[in-house]
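Each step along the sequence shown adds one to the number in full-length UniProt numbering, with nothing skipped, and position 283 is 283.
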Amino acid sequence: NGKSLSYLLTSSLITFKITIVIIPLIVLKADILNRAKSFNIPCSVWEENREFKNLTLISIESIIKESFIVKLIELINEKKIDRFIIDKCHLLITSSHYRNIMFRFRSLLLTKCQFVFLTSTLPLSIEKQLMNHLSLQNISIIRAPSTRNNIVYKAKIFDSFNIENQFTEVRTYIEDFKITSFLNNKDKIIIFGPSKKDVNSLSSFLNCSFYHSDLGLLEQNRVLNDFFNVFNDFNRIIVSTSGLEEGIDYSSVRLVIYFKFCWSFIGFLQGSSRGGRDLRPSESCFFYNKSEENDKPSDFDSDRTELRKYLRESICRRKVIDLYLDNNITEECLPFQEMCDLCTEREELKNM
1 NGKSLSYLLT SSLITFKITI VIIPLIVLKA DILNRAKSFN IPCSVWEENR EFKNLTLISI
61 ESIIKESFIV KLIELINEKK IDRFIIDKCH LLITSSHYRN IMFRFRSLLL TKCQFVFLTS
121 TLPLSIEKQL MNHLSLQNIS IIRAPSTRNN IVYKAKIFDS FNIENQFTEV RTYIEDFKIT
181 SFLNNKDKII IFGPSKKDVN SLSSFLNCSF YHSDLGLLEQ NRVLNDFFNV FNDFNRIIVS
241 TSGLEEGIDY SSVRLVIYFK FCWSFIGFLQ GSSRGGRDLR PSESCFFYNK SEENDKPSDF
301 DSDRTELRKY LRESICRRKV IDLYLDNNIT EECLPFQEMC DLCTEREELK NM
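Encoded structure:
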């Protein structure tokens, strides 16, 4: 995509300096490593061999370790570092895991290097938090509209509270979608579940692949490789926890389903954007119980309230999304956008 291309391109042109890319997810590392190879860019993963190449990928946990810092200072003094890239930078605020090392990360910003923060999903409110937490001043900000014009946003209340019946509803929806959308053999479907138990049960019911942290690294890589490269009924669909919301980049995902509730609105938007990365139309459908529309005390200080607004919305799904991401007021899907379920229903009523 455009974000990764920005530093892949510079790394291919500036071959005598090192670009360090801080990547939060193992899945992303493998993807960037493969892209770098396709550009013939020397690339390394710091955790694997403690080696710096033109493009060096590293986890945020590793940048505060003494072994890395000592080597980094040497390279800075030798003027061999071109820049730092922080991919998925919104996770510095939204992920509790990364908040724990925020203080140490700020000390890295004192080094005499250029820092580039990248993300495709940065609400203005989180942008301000990021700047405050990292004491960022006198910086250049480049923002583009965050809305995904080629995604059809839908939400569907379960007809039943019985889990087996809910599984059946999802399966029926998928079968209908396959028929109406004329899927080819490379088109894929991703389903996000709220827990490992739900993921295991739903994948077993649908007879498809699944992904979560209990699989172990080798098995995770095998599952993703099959999802990307094997084109059969079993690997057409993958059921996952939120672990793949940020880190899976397969161009021809035609349908993203959220099964029951998810942890955050920004996570939902990231997960939904796994679809349609080839710019063809894609669909995001959120299945949920009616009770999830109601605000809960546990939502305090989180963006789950925004997710519940999205589920309650009665005019246009993009209204909630655009206001949250870009502070834009939207009343309906625009002519060049794929219509959400609410705008489609309203249009059908007009034509009756």
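Here a beta-carbon is modelled for each residue, glycine too, at the ideal position from N, C-alpha and C.
Would you call residue i buried or exposed, if buried means 16 or more other Cβ atoms sit within 10 Å of its Cβ?
i: THR241; result: buried
i: ASP176; result: exposed
i: LEU13; result: exposed
i: PHE231; result: exposed
i: SER320; result: One detail in the question is off: residue 320 reads as Val in this sequence, not Ser. Answer is buried; the Cβ neighbour count reaches 16.
i: ALA36; result: buried
i: GLY216; result: exposed
i: SER314; result: exposed
i: GLY76; result: Correcting the residue type first, residue 76 is Ile in the shown sequence and not Gly. Exposed is the call here.
i: GLU74; result: exposed
i: PHE265; result: buried
i: GLN114; result: exposed
i: ARG106; result: exposed
i: PHE161; result: exposed
Can you tell me which residues form a DSSP beta bridge with residue i?
i: SER135; result: DSSP output for SER135 lists no bridge partner at all.
i: VAL21; result: LEU57, ILE85
i: PHE117; result: ILE86
i: VAL170; result: According to DSSP, which records beta bridges pairwise, VAL170 is partnered with nothing at all.
i: CYS43; result: LEU55
i: VAL152; result: GLU283
i: ILE163; result: ILE163 is not bridged to any residue.
i: ILE157; result: TYR288
Residues in its own chain within less than 6 Å of residue i by CB, not counting five upstream and five downstream?
i: LEU136; result: none
i: PRO42; result: LYS53, ASN54
i: ASP31; result: ASP249
i: ASP322; result: THR147, ASN328, THR330
i: ASP341; result: LYS154
Within the same chain, show all residues whose beta-carbon is closer than 8 Å to that of residue i, passing over the 5 residues directly before and after it, in chain order.
i: VAL170; result: ILE191, LEU202, LEU206, ILE257, PHE259, PHE287
Spatial neighbours of residue i within its chain, please: C-beta separation below 7 Å, excluding the five flanking residues on both sides.
i: THR119; result: LYS88, CYS89, HIS90
i: LEU293; result: Strictly speaking, residue 293 in this sequence is Glu, with Leu absent from that position. Here the set comprises ARG308, LEU311, ARG312.
i: ASN150; result: GLY276, LEU279, ARG280, PRO281, SER282, GLU338
i: LYS197; result: none
Tell me whether residue i, by its Cβ, gets closer than 8 Å to a heavy atom of the ligand MN.
i: PHE158; result: What this structure holds is no ligand at all, so the ligand MN is not there to describe.
Restricting to runs no shorter than 4 residues, where is the alpha helix (DSSP H) found entirely within the UniProt domain "Helicase C-terminal" (178 to 329)? 196 to 206, 217 to 229, 233 to 236, 265 to 272, 304 to 312, 317 to 326
Determine, using beta-carbon pairs with one atom in the region 195 to 206 and one in the region 265 to 276, whether at least three such pairs fall under 8 Å. no
Decide yes or no for the touch test of the region 18 to 36 against the region 83 to 95: beta carbon pairs closer than 8 Å, at least 3 of them. yes
Is the region 312 to 327 touching the region 114 to 133, taking contact as three or more C-beta pairs under 8 Å? yes
Any contact between the region 60 to 71 and the region 100 to 107? By contact I mean 3 or more CB pairs, one from each, below 8 Å. yes
Should the region 175 to 189 be called in touch with the region 243 to 255, which here means at least 3 C-beta pairs below 8 Å? yes
For the 8 Å Cβ check, are there 3 or more pairs between the region 140 to 152 and the region 298 to 315? no
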